[in-house]
Structures are given as structure tokens and as C-alpha cells.
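According to the working numbering, the residues represented by the sequence shown are 227 to 494, in order.
For each residue, glycine too, the CB sits at the ideal point set by N, CA and C.
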Amino acid sequence: MFRAGPRARHRGGRAADDVPGTAVAPVIAVRGVTKVYGHGDAAVPALRGVDLTIASGDYVAIMGSSGSGKSTLMNIIGCLDVPTDGRYLIDGLDVGGLDEQQLSLVRNRRIGFVFQSFNLIPRTTALANVELPLAYAGVRPRERRRRALAALELVGLADRVAHHSNELSGGQQQRVAVARALVTAPALLLADEPTGNLDSRSTEEVLEIVDRLNAAGRTIVLITHEDDVAARAQRVIRLVDGLIVDDRRQPGPGGFPGRTAIGGAVRT
């Protein structure tokens, strides 16, 4: 039986891809991952052998132009797609042998998603939208409400819990989406162009929330094409033609200057 606990093991029984010198697995470990769409002469490589390690509490921005492979990498990290070859482990769990139902459990319990388009249910309250992942997880109604209210308070929307999504501004809708992503206490917050549909003021409000979440220890992976958004991260990864061509630490909220990642692991 699949267990989505924090001390997951891979098939060999050992904690998978542990950080050297510790007993704690990284939140993300990507090893030699390739992704090819199509077959034969029509085959199109999207990822060409990606190695990437992201530790607990890191704040990473993944950048790249259209066709770089960043969306494909995001889909694999989010367990929305599977590699053609290579291994992917999230929070110590090797997802390679999981079926679709098990992958769905991983997405529900270990990953909080924030998308550019909000993806809120229309004509449904902010509270009900945030409760939804907990309902899927079988959490009792009273506990769902308690946790959803706490998540909405965290993003500054305690006074909007009864508002329907169509009654909220774009920035408020995205903050509801952030609350929904956090309500299951996931190992990873995965945000795909989270400010792409927002004005400058709403963008700043959402990014300030993300900064605070990371400062409190949340692991963040943010997909963006905007340099000013990526500047908030501790670490920026750039993809070109399915390969990581740059992976470095930078000054910023919680960042550490002068550190460069080589071979998938950040080092000085």
C-alpha cells in the first residue's frame, strides 16, 4: 500500500538520495531526467538529461524561453507528467513506480499548486475553494473549515472568506489560490507564472506572501519568465533546449551571494 508519509523510502529500502552527511532527503531530486514527445522521426526532445537537487526551505526560480523545457520540468516536478527516462524523487519518495492513483495522492498531499489562471471554482466562496483539497483528502468538515480559515488568514483574506471568487479582484483570487495550495501543508509550493495575470500592485502583494512563506521555511519552486519576479528567489535556474545552462545563488530575500550550482547541487 502506498504511504505518503515524510520518511518515504525507495524500493531498496534506504532513504532515497539523502543529502550527504544527513539523514534528510532533499525535497526534490531529479536524476538524469529526459522527456521525449512523439516517436521515430517525429520525436521531439523536451528535456535532455536534467540533474537537479532542491533542499528543504529553498526558494528557486526556473526560467527559460518558450521551448526551453521549463514547463515540461515543472510538470514532472508536479507529478503531472512522467519522464521518458531518469528518476524523480519528491521528499524522499521515488515516484517512478507509482500508478496514477498514487501520483494523485502525491499531488494532493505533498505539492501545493499555484497557476497563472487561479483555477478557482466559480460562484463558490473563498472558504469552499480552499477547503477543496482537504475534502479530496477525506478531512472531516470541522477540521477542513479550521485549516482553511487559518490559510486564508495567512494570506490576508480573513475578511473575504464568504466572498465568491467572481466578487474578488485578480490579486485576491490569486491569494485564495495560494491559501488553497498551502492548506494541506505540502512539502513543496509549485507556482507556475503566479503573477502573469496580475497588475503591479497585486504582483507585489502575492510575491510578499511567497517571500514570507519561504522565510518561515516553506520550499518554493517558481516558474517565471520575468527577471524582477525571479529576483525574489534565493536561486535561479535557466534552461535552454532542455538543458540546465545556469544554476546559481543570488542576493535577495533569503538569498546567499557567490554560490553556484554545478551538476545539480549548489556549492561554493
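Roughly how many angstroms separate the alpha carbons of residue 476 and residue 358, rounded to a whole number?
-> The alpha-carbon atoms of residue 476 and residue 358 are separated by roughly 36 Å.
Alpha carbon to alpha carbon, what distance is there between residue 380 and residue 441?
-> Taking the straight line from one Cα to the other gives about 13 Å.
Starting from residue 367, follow the alpha helix (DSSP H) in both directions and report where the run begins and ends.
-> First-last of the alpha helix (DSSP H) with residue 367: 367-380.
Residue 474: CB within 6 Å of a non-hydrogen atom of the ligand HEM = In terms of ligand content, the structure shown is empty, and the ligand HEM therefore cannot be addressed.
Can you give the Cα-Cα distance for residue 328 and residue 445, rounded to whole angstroms?
-> Between residue 328 and residue 445, the C-alpha separation is close to 22 Å.
Nearest to residue 307 by alpha carbon, out of 283, 277, 332 and 284?
-> Nearest option by C-alpha distance: 332.
Return the CA-CA distance between residue 467 and residue 282, expressed in angstroms with no decimal places.
-> Between residue 467 and residue 282, the C-alpha separation is close to 28 Å.
Taking contact to mean at least 3 C-beta pairs separated by less than 8 Å, is the segment 428-440 in contact with the segment 358-367?
-> Flag = no, the segment 428-440 and the segment 358-367 do not touch.
Mapping DSSP to helix, strand and coil, what is residue 286?
-> It is a strand residue.
Member of 382, 386 and 343 whose CA lies at the smallest distance from the CA of residue 354 | Comparing alpha carbon positions, the residue from 382, 386 and 343 closest to residue 354 is 386.
Is the segment 390-407 close to the segment 422-438, with three or more CB pairs under 8 Å?
-> Using a Cβ-Cβ distance cut-off of 8 Å, the segment 390-407 and the segment 422-438 are in contact, since at least three pairs of beta carbons, one from each stretch, lie closer than that value.
Proximity to residue 211 [Cα-Cα], best of 255, 405 and 266 | Examination of residue 211 is not possible in this model, given that the chain is present from 227 through 494 alone.
Can you list, in chain order, the stretches of the alpha helix (DSSP H) that have 4 or more residues and sit fully within the segment 342-369?
-> With a minimum length of 4 residues, the unbroken runs of alpha helix (DSSP H) contained wholly in the segment 342-369 fall at 352-362.
Between which two residues does the alpha helix (DSSP H) containing residue 332 stretch?
-> Element bounds for residue 332: 326-336.
Report the residue from 288, 337, 383 and 322 whose alpha carbon sits nearest the alpha carbon of residue 457.
-> If we check each option's Cα against that of residue 457, 288 comes out closest.
What residue does the alpha helix (DSSP H) around residue 432 start on, and which one ends it?
-> Its alpha helix (DSSP H) spans residues 426-441.
Going by the CB atoms, is the gap between residue 253 and residue 413 shorter than 7 Å?
-> Taking 7 Å as the Cβ cut-off, residue 413 and residue 253 qualify as a contacting pair.
Which one or two residues does DSSP pair with residue 254 in a beta bridge?
-> Per DSSP, 280 and 316.
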